[in-house]
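Taking it in order: structure first as structure tokens, then the write-up.
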Amino acid sequence: MKLHKLSLLCIFAMSAVAFAQTGLRETNNTPGTVPRLGGNVLLDHGDAAIGRTTGGLVSSKLTGLPDGQDSTVTADDFDVTADRIWLIDAITTTGFTNLANDPDAFGIVIYEDSTTTPGTPGDQVFEWEGVPSNGIDDTLQEFQFGSPIVLTGGRYWISTYGIYNGVSDLADGRWNWGSGPTAIDNDLHLADFADLFGICCDWTSATDLGVGDRSTSFVLMGTETDCVDPELVGINGQPGQNGEIIIQGSPGCTYTVTITNSDGSTSQYDVAIPDCGGGICEGTLNIIIPADATIGVGQQGQSPTGGTIGTVPTLGEWGLIAFVTLLMGGALIMMRKRRLA
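Spelled out as structure tokens, the structure:
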């Protein structure tokens, strides 16, 4: 009887694996060439590069499921050259759905390589969800970003997925990310967070899943640079008057100065670093120095990383504070005199 039960368990397990292997991948019409948005191509990981013909692996988020358990997604890796920085301003991907309804939106996540399990996705460094710049198209997605995604040298993983609002079953919402058999670096990985295939929940390689495809289709566009992280040197001038904000960084690079006001509002200004003949040079932003604000600098389009400096309230504000203090002091003196009388 025990042997019989064991046999049944083995058969069930094998059936589950077989279902996962066959159900993860679907096919569709032969894809076309991936258009490239304006700009320099950092990495062509598109259909031709990965040998894609008609295949795709499931990569979907179903918002009808509980948060954190609402997605079965695919990810693939890429490398940024050591000692270099990539400023990614556009990404294209290809895929398809075999259903009548297209996704309501798409998402992109970029992960660092895991420090505990190298060769698998680790911590998130970028996340975006919404409608691509070319609208909803299940076969081609063009993502353009107002501020570049800044990645320093190292290995990363990218995941793109179709989002179906209010859906809780793949029969009502499934998008497949275009995939092909040509291996580029590590195998693609899949995580069944929603347990839709009974293989929840760790990132698992295509080889371990028994899937023949090894890579997914994407193209990264932007600029490669060797700009070091900037530093905020100082401020010349008084609040409310014309002055200079001085930063330092790599010559030929552009950085972003961010001013955060006391009410939480922010303003950003790009500052180009001129060539001074050395490895690190200074650049200046001529501006009316804001009062009661925090000033910082970071890579172009990014939040401050090179330290911050706070400015004091204007003289008028200090005067008002002193005036109120004097009034309160006078009132206390008058109250004490009345009590003594």
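Numbering (mature numbering (1 follows the signal peptide of the UniProt record, and there is no 0)), first residue to last: -20 to -1, 1 to 321.
For every residue, glycine included, the Cβ atom is placed at its ideal position computed from N, Cα and C.
On a Cα-Cα basis, can you pick out the residue from the options that is closest to residue i?
{"i": "T236", "options": "P284, P219, T196", "result": "P284"}
{"i": "D50", "options": "G3, V60, C180", "result": "C180"}
{"i": "D167", "options": "L189, L176, S247, D175", "result": "L189"}
{"i": "I260", "options": "V191, S139, I227", "result": "I227"}
{"i": "L176", "options": "V147, I164, S195", "result": "V147"}
{"i": "A273", "options": "D69, T43, G244, P83", "result": "G244"}
{"i": "R5", "options": "P112, V213, L150", "result": "L150"}
{"i": "N264", "options": "A85, I215, T240, M308", "result": "Inspection of the sequence shows that residue 264 is occupied by Thr rather than by Asn. The option with the nearest alpha carbon to T264 is I215."}
{"i": "G278", "options": "I253, D57, P219, T96", "result": "I253"}
{"i": "G3", "options": "D172, I225, S197", "result": "D172"}
{"i": "T196", "options": "L17, D93, T33", "result": "T33"}
{"i": "D47", "options": "T132, A174, A70, D165", "result": "A174"}
{"i": "Y136", "options": "H169, G257, T288, E262", "result": "H169"}
{"i": "S94", "options": "A55, T43, G287, L23", "result": "A55"}
{"i": "E109", "options": "G223, Y249, T43, Q248", "result": "T43"}
{"i": "F106", "options": "I239, E122, D69", "result": "D69"}
{"i": "A186", "options": "G19, D57, L23", "result": "D57"}
{"i": "I164", "options": "T288, I289, G287, D59", "result": "D59"}
{"i": "G276", "options": "G19, L17, T240", "result": "T240"}
Using the Cα positions of residue i and residue j, report the straight-line distance between them to the nearest angstrom.
{"i": "T72", "j": "Q221", "result": "46 Å"}
{"i": "D118", "j": "T291", "result": "50 Å"}
{"i": "G178", "j": "V38", "result": "14 Å"}
{"i": "P210", "j": "G134", "result": "20 Å"}
{"i": "T305", "j": "G217", "result": "28 Å"}
{"i": "G192", "j": "P101", "result": "20 Å"}
{"i": "residue 327", "j": "C233", "result": "An answer regarding residue 327 cannot be provided, because it is not within the stretch -20 to 321 covered by the chain."}
{"i": "R194", "j": "Q124", "result": "26 Å"}
{"i": "G126", "j": "I268", "result": "26 Å"}
{"i": "T52", "j": "G142", "result": "10 Å"}
{"i": "residue 328", "j": "G281", "result": "Lying before the first or after the last residue shown, residue 328 is absent from the chain, which here runs from -20 to 321."}
{"i": "S40", "j": "P98", "result": "25 Å"}
{"i": "V21", "j": "V199", "result": "7 Å"}
{"i": "D103", "j": "V89", "result": "10 Å"}
{"i": "I129", "j": "M308", "result": "52 Å"}
{"i": "P112", "j": "I138", "result": "16 Å"}
{"i": "V213", "j": "G36", "result": "51 Å"}
{"i": "P219", "j": "C256", "result": "29 Å"}
{"i": "G223", "j": "G258", "result": "25 Å"}
{"i": "Q121", "j": "E92", "result": "23 Å"}
{"i": "W183", "j": "T246", "result": "38 Å"}
{"i": "T96", "j": "T132", "result": "20 Å"}
{"i": "G287", "j": "T238", "result": "11 Å"}
{"i": "L45", "j": "Y249", "result": "42 Å"}
{"i": "E262", "j": "S242", "result": "27 Å"}
{"i": "I289", "j": "I225", "result": "10 Å"}
{"i": "T61", "j": "D24", "result": "15 Å"}
{"i": "G19", "j": "N266", "result": "30 Å"}
Under a three-way DSSP split, which group does residue i fall into?
{"i": "Y235", "result": "strand"}
{"i": "A252", "result": "strand"}
{"i": "G190", "result": "coil"}
{"i": "I116", "result": "coil"}
{"i": "A29", "result": "helix"}
{"i": "G67", "result": "The amino acid occupying residue 67 in the given sequence is Leu; Gly does not appear at that position. Reduced to three states, the DSSP call for L67 is strand."}
{"i": "L45", "result": "coil"}
{"i": "L37", "result": "strand"}
{"i": "T205", "result": "strand"}
{"i": "L131", "result": "strand"}
{"i": "L200", "result": "strand"}
{"i": "L212", "result": "strand"}
{"i": "L4", "result": "coil"}
{"i": "L168", "result": "coil"}
{"i": "T305", "result": "helix"}
{"i": "F177", "result": "coil"}
{"i": "G281", "result": "coil"}
{"i": "S(-14)", "result": "Bear in mind that a pLDDT of 42 at S(-14), under 50, signals an unreliable position, so the model cannot answer this."}
{"i": "W183", "result": "coil"}
{"i": "W155", "result": "coil"}
{"i": "S245", "result": "coil"}
{"i": "A163", "result": "coil"}
{"i": "A271", "result": "coil"}
{"i": "Q124", "result": "strand"}
{"i": "I260", "result": "coil"}
{"i": "S230", "result": "coil"}
Roughly how far, in whole angstroms, is the beta-carbon of residue i from the beta-carbon of residue j, given that I think they are within contact range, below 8 Å?
{"i": "V208", "j": "S230", "result": "5 Å"}
{"i": "T140", "j": "F86", "result": "6 Å"}
With a threshold of 8 Å between beta-carbons, can residue i be considered close to chain D, or not?
{"i": "E6", "result": "No chain D appears in this structure, which consists of one protein chain only."}
Indicate whether the contact test is met: 3 or more Cβ pairs, each with one atom in the segment 65 to 79 and one in the segment 201 to 216, closer than 8 Å. yes
Determine contact between the segment 69 to 89 and the segment 153 to 166, defined as no fewer than three beta-carbon pairs at a distance below 8 Å. yes
With a cut-off of 8 Å, do at least 3 Cβ pairs link the segment 160 to 172 to the segment 20 to 35? yes
Evaluate the contact criterion for the segment 81 to 90 versus the segment 106 to 118: three or more CB pairs, one atom per stretch, below 8 Å. yes
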